[in-house]
Amino acid sequence: MMTGTVYGVVLNDREERNRLGGQFAEAPYKAPPVAPVVYIKPRGCVTGSGSEVFIGEEPEVEVAPTLALLIGRDAAKVAASQALDHVAGICAAIDVTVPHDSYYRPVVPLRCRDAFLPLGAVAAFTPAFASAEIVTTVDGAIAHRWSPDRLVRDMATLIADLSSFMTLSAGDLLLVGLPHDAPRIRPGQTVTVEVAGLAPVTAHVRQGDAR
1 MMTGTVYGVV
11 LNDREERNRL
21 GGQFAEAPYK
31 APPVAPVVYI
41 KPRGCVTGSG
51 SEVFIGEEPE
61 VEVAPTLALL
71 IGRDAAKVAA
81 SQALDHVAGI
91 CAAIDVTVPH
101 DSYYRPVVPL
111 RCRDAFLPLG
121 AVAAFTPAFA
131 SAEIVTTVDG
141 AIAHRWSPDR
151 LVRDMATLIA
161 DLSSFMTLSA
171 GDLLLVGLPH
181 DAPRIRPGQT
191 VTVEVAGLAP
201 VTAHVRQGDA
211 R
């Protein structure tokens, strides 16, 4: 059961890192990141499958399909070879964000609004999910496919690298990474993320503020 902090990671998609290329040498970054680039989703972001996601007056939002790992026991300075022993469960997730171009000091309200993290039901973790296909449909039509095979840091390496400078505590949730080509959807549309072996997660995007 998730009782702790929700962590996400950007720039963990190999295709995105290759696409950005030389931009990392320019201001404001000056160099490519050498450690995982982490953000936090406050607990108010978390909602269940089938929820309505209100996006204010934004014309569209990005709905990034990903996998969320439930940490089962504290992980501090663990080796990659033992990192997955600290994972108790896994679920499908939709990381909703207002589109923006820069990862440098991003504006919190673009990523951290209420219900901006719909989650599916948590299932027991097996290493096979490290290469599972993640399929996204929008209004019933396939809009995106990707796999954790695209990650710069795979699940085990990500946990090991994070635990080298911070403790992942039992009950924390870790989003393993976001595809750079995630779909964007408009108010009135419905997005569903499906992964074989996991419960699907669905969100209905609505204009305006939650009532």
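The sequence shown lines up with residues 1 to 211 when you count with the working numbering. For each residue, glycine too, the CB sits at the ideal point set by N, CA and C. Computed from a prediction, not measured in an experiment: that's the story for all the values here.
Look at the alpha carbon of HIS144 and the alpha carbon of LEU162, and state the distance between them as a whole number of angstroms.
-> 28 Å
Where does PHE54 fall in DSSP's three states?
-> strand
Looking at C-alpha atoms only, which residue of SER81, GLU52, VAL9 is the closest neighbour of LYS41?
-> VAL9
Give me the Cα-Cα distance between ILE55 and VAL122, rounded to the nearest whole angstrom.
-> 26 Å
Can you pull the DSSP bridge partners for THR72?
-> The sequence shown places Gly at residue 72, rather than the Thr named in the question. Paired residues: none, contrary to the question.
So the alpha helix (DSSP H) LEU158 belongs to, where does it begin and stop?
-> 155 to 163
Cβ neighbours of LEU174 in the same chain (closer than 6 Å, five flanking residues each side left out) | Non-local beta-carbon contacts of LEU174 in its own chain, meaning distances under 6 Å to residues more than five positions away in sequence, involve TYR7, LEU69 in chain order.
Given a cut-off of 9 Å, decide if ILE90 and ALA124 are closer than it, judged by their beta-carbon atoms.
-> yes
Of all the options MET155, GLY171, VAL193, which has the alpha carbon lying nearest to the alpha carbon of SER81?
-> MET155
Output yes or no for whether 9 Å exceeds the beta carbon distance between GLY177 and THR66.
-> yes
What is the DSSP secondary structure of ASP209, counted as helix, strand or coil?
-> ASP209: coil per DSSP, three-state reduction.
If you drop the 5 nearest sequence neighbours on each side, which residues of the same chain put their C-beta closer than 8 Å to that of ALA199?
-> The beta carbon of ALA199 sits closer than 8 Å to those of SER49, CYS91, ALA92, GLY120, ALA121, ALA123, all from its chain and outside the five residues before and after it, given in chain order.
Closer than 8 Å by C-beta to LYS77: which residues in its own chain qualify, once you throw out the five before and the five after it? Chain order, please.
-> Result list for LYS77: SER163, SER164, in chain order.
Would you grab the beta carbon distance between VAL138 and GLN189 for me? Rounded to a whole angstrom, and I think it's under 8 Å.
-> The beta-carbon separation of VAL138 and GLN189, rounded to 6 Å, stays under the 8 Å limit for a contact.
Are the beta-carbon atoms of ARG184 and VAL63 separated by less than 9 Å?
-> yes
State buried or exposed for SER51, treating a residue as buried only when at least 16 other CB atoms are found within 10 Å of its CB.
-> buried
Bounding residues of the alpha helix (DSSP H) (the contiguous stretch that carries ALA93) | Note, ALA93: premise wrong, no alpha helix (DSSP H); beta strand (DSSP E) at 87 to 97.
For ASP13, name the three-state secondary structure that DSSP assigns.
-> strand
How many angstroms separate the CA atom of ASP85 from the CA atom of THR157?
-> 12 Å
Alpha carbon to alpha carbon, how far is VAL201 from VAL34?
-> 32 Å
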